[in-house]
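The letter at position 105 of the sequence shown is residue 106 when you use the working numbering, and the numbering goes up by one with no holes.
Quick reminder that beta carbons are idealized off the backbone N, C-alpha and C, glycines included.
Please read all numbers here as calculations on a predicted model, not as lab measurements.
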Amino acid sequence: MPSLSLRINLDPEGRIGPGKIELLEQIAAFGSISAAARGMEMSYKHAWDLVEDMNRVFGKPLVAAQTGGRKGGGAQLTAVGLAVVSRFRAIERAAASAAAVHMEALQAEIDAG
Numbered sequence: 002m003p004s005l006s007l008r009i010n011l012d013p014e015g016r017i018g019p020g021k022i023e024l025l026e027q028i029a030a031f032g033s034i035s036a037a038a039r040g041m042e043m044s045y046k047h048a049w050d051l052v053e054d055m056n057r058v059f060g061k062p063l064v065a066a067q068t069g070g071r072k073g074g075g076a077q078l079t080a081v082g083l084a085v086v087s088r089f090r091a092i093e094r095a096a097a098s099a100a101a102v103h104m105e106a107l108q109a110e111i112d113a114g
């Protein structure tokens, strides 16, 4: 069955898609940018660059990070970060629902060979 992948172009210049959203979800799950990066098999620097890019695009932090130390560091999503993930997933569900009949028709064309 065909699948749908959603990428949203944001004004003035920025994009958000499944990779950045998964990174935010992993940060929320692990409480750590480095753990999220490891789980996604990407470098910490790349993950941090993606977080900084999202913060720049939205004009406010999506991730609040605490530096390490005796008590250790950590990261969590801000209210904006949680809202971005929630809205993206809602848009993704709506798009998949709207496209379902067309996706089935595409698969039928493939199956008809």
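Rounded straight-line distance, which links the Cα of residue j to that of residue i
i    : j    : result
A95  : G15  : 22 Å
D82  : A113 : In the sequence as displayed, the identity of residue 82 is Gly instead of Asp. Each residue's Cα considered, the two are about 44 Å apart.
E93  : V85  : 12 Å
Q77  : P13  : 26 Å
I9   : S87  : 14 Å
M104 : V64  : 35 Å
A101 : E110 : 14 Å
F31  : A91  : 22 Å
F89  : L107 : 25 Å
Residues bridged to residue i [DSSP beta-bridge criterion]
i   : result
G15 : L11
V64 : L78
Neighbourhood of residue i by C-beta, 8 Å cutoff - its chain only, sequence neighbours within 5 removed
i   : result
G74 : S33, A66, Q67 and T68
S44 : A38
Close-in-space but distant-in-sequence residues of the same chain around residue i (CB under 7 Å, 5 per side omitted)
i   : result
A48 : L24, I34, A37 and A38
S6  : P19
K21 : L51 and M55
E53 : none
Sequence-distant residues of its chain with Cβ nearer than 6 Å to residue i (five each side left out)
i   : result
P62 : N56 and T79
G40 : Q27
L11 : V58
A29 : L78
Residue-chain proximity (residue i, chain B), Cβ-Cβ < 7 Å
i   : result
L25 : Of the chains in the structure shown, none is chain B; there is only one protein chain.
Any alpha helix (DSSP H) of 4 or more consecutive residues that is wholly inside the region 24-55: 34-40
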